[in-house]
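Structure, as structure tokens:
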Ligand code: PMP
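In the numbering used here, the protein residues as written are 10 to 368.
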């Protein structure tokens, strides 16, 4: 980190790669020596067309996405997709199956219930969402199975896709998108808000199988209907040009950094260093089942609320921001997304050890 920047462990919007932020800073004023800033160019310009095409191309290569999938850029956050997915894909006489792994799944469930039949096929609510349920049986008339791949608030993560048994698989990957290579062919639709792993807030990425587009009912609001963005290269109206541009730079950063295999190795190493400290300490306690621990959001507790408060106060003084757990769960949460450097993890570990020995 450069001297003026702190270690940012926020859950999202979150840290972006420093090189990307610096490049964006220069392009804000004068994009690619064009004489116009990146926020000021038209979405109908050749320059923007190149940006969005390159972003799609990099994403296709990173995830080996075939031509049978469509990539869309949308606004409204992942939350808009909680409504868009059932509006586009849930039909009368079919059931939307869900795995409930906490707040974000619950919000998706609540939204789907407005548009049709919903069944919660598995849940980890019985243990405060501290694990990932494994045994899933989908409904007979299942329209799709929806899961949240990483549970930002609790620090649990699916390390393998749930068995959908032939039912279309839909994933909210908002907080772990592109943290590793996945087999995209297992998914029928995957969506993610950009603001954790791949960019600033203001844009979501949706990757969906083209064949889903043929069954969408008529009469949906124009921007909810997946066919609209699909037919217009995500530019039916003015798209969020600046966030899409930053996403394109982050994708290039991932490609140049060695792709998703390298990213995954780095993420595993960072997380395991941190979990090791927690496991070997008598001060820090992880409540998450070991095999379901997130590589992105490392959550832990200290013995009392007072101790947690003094940990957070001390961490701020040492230059770590964003460690406070979600208001729903309390505790501490270190979000160590793709762009969070290993150097920062080492610094955090030194701080944790120091805090433990002096308290
Ligand atoms: N899903 C997950 C897993 C999230 O972490 C979040 C945001 N924290 C959301 C959905 C909601 O995203 P947005 O704010 O982009 O609507």
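The C-beta atom is built at its ideal place from N, Cα and C for all residues, glycine as well. Here the structure is a predicted model, which means the values were calculated and not measured.
With which residues is residue 64 paired in a DSSP beta bridge? Position 55 of the chain shown, counted from the start, is the residue given in the question as residue 64. Note: residue 64 sits in no beta bridge, so no partner.
Would you say the beta carbon of residue 308 is closer than 7 angstroms to some non-hydrogen atom of the ligand PMP? Residue 308 sits at position 299 when you count from the first residue of the chain shown. False, no ligand heavy atom lies under 7 angstroms from that Cβ.
Output the distance between the C-alpha atoms of residue 105 and residue 202, rounded to the nearest integer angstrom. In the chain shown, the residue the question calls residue 105 occupies position 96. In the chain shown, the residue the question calls residue 202 occupies position 193. If you take the alpha carbons of residue 105 and residue 202, they lie about 21 angstroms apart.
Alpha-carbon spacing of residue 214 relative to residue 294, whole angstroms: Reading the chain shown from its first residue, position 205 is the one you call residue 214. Reading the chain shown from its first residue, position 285 is the one you call residue 294. Here the alpha carbon of residue 214 sits roughly 35 angstroms from the alpha carbon of residue 294.
Distance, residue 228 Cα to residue 92 Cα: The residue you call residue 92 lines up with position 83 of the chain shown. The residue you call residue 228 lines up with position 219 of the chain shown. Those two C-alpha atoms are separated by around 15 angstroms.
Looking at the strands, I want to know which residues DSSP matches up with residue 202. Residue 202 sits at position 193 when you count from the first residue of the chain shown. 213.
When you compare only the Cα positions, how much space is there between residue 403 and residue 41? The structure shown does not extend to residue 403, since the chain is modelled only from 10 to 368, so the question has no answer here.
Taking the CB atoms as reference points, tell me whether residue 16 and residue 206 lie closer together than 8 angstroms. As a first step, residue 16 must be located in the chain shown, where it is residue number 7. As a first step, residue 206 must be located in the chain shown, where it is residue number 197. Contact flag unset, no.
Grouping DSSP H, G and I as helix and E and B as strand, with all else coil, what is residue 40? Taking the first residue of the chain shown as position 1, residue 40 is located at position 31. In this structure, residue 40 counts as helix in the three-state DSSP scheme.
Start and end residues, beta strand (DSSP E) containing residue 129: What you label residue 129 is simply residue 120 of the chain shown in a count that begins at 1. First-last of the beta strand (DSSP E) with residue 129: 126-132.
Which listed residue (132, 244, 197 and 258) has its alpha carbon closest to that of residue 34: Counting from 1 along the chain shown, the entry for residue 34 is found at position 25. Here the closest residue by C-alpha is 258.
Compute the distance between the beta-carbons of residue 297 and residue 159, then report whether it is under 8 angstroms. If you number the chain shown from 1, residue 297 lands on position 288. If you number the chain shown from 1, residue 159 lands on position 150. Going by C-beta atoms, residue 297 is not nearer than 8 angstroms to residue 159.
Is it buried or exposed, residue 204, if we count other Cβ atoms within 10 angstroms and call 16 or more buried? As a position in the chain shown, residue 204 is number 195, starting the count at 1. With 16 or more Cβ atoms within 10 Å of its Cβ, residue 204 is classed as buried.
Where residue 13 and residue 27 are concerned, what is the direct C-alpha to C-alpha distance, given to the nearest angstrom? To locate residue 13, count along the chain shown from 1; it is residue 4. To locate residue 27, count along the chain shown from 1; it is residue 18. Their backbone Cα atoms lie some 12 angstroms apart in a straight line.
Return the first residue and the last residue of the alpha helix (DSSP H) that residue 325 is part of. The count along the chain shown starts at 1 and reaches residue 325 at position 316. Note, residue 325: alpha helix (DSSP H), 314-326.
Report the option in 46, 303 and 21 whose CA atom is closest to the CA atom of residue 32. By one-based count along the chain shown, residue 32 stands at place 23. Comparing Cα positions, the closest option is 46.
Contact under 8 angstroms by Cβ, residue 306 with residue 102: Numbered from its first residue, the chain shown carries residue 306 at position 297. Numbered from its first residue, the chain shown carries residue 102 at position 93. Not in contact: residue 306 and residue 102 (Cβ atoms no closer than 8 angstroms).
Span of the beta strand (DSSP E), counted from its first residue to its last, around residue 285: One-based indexing of the chain shown puts residue 285 at position 276. Not the beta strand (DSSP E): residue 285 falls in the alpha helix (DSSP H), residues 268-288.
For residue 140, name the three-state secondary structure that DSSP assigns. Here residue 140 is taken as the residue at index 131 of the chain shown, counted from 1. Here residue 140 sits in coil by DSSP.
Mapping the DSSP letters down to three states, classify residue 194 as helix, strand or coil. On the chain shown, position 185 is the one that residue 194 refers to. Helix.
Any 3 or more C-beta pairs closer than 8 angstroms across the segment 144-153 and the segment 274-288: no
Just checking residue 19 against the ligand PMP - is the residue's beta carbon closer than 7 angstroms to any of the ligand's heavy atoms? By one-based count along the chain shown, residue 19 stands at place 10. Judged by the Cβ position, residue 19 fails to qualify as a neighbour of the ligand PMP at the 7 angstroms threshold, every heavy atom of the ligand being at least this far.
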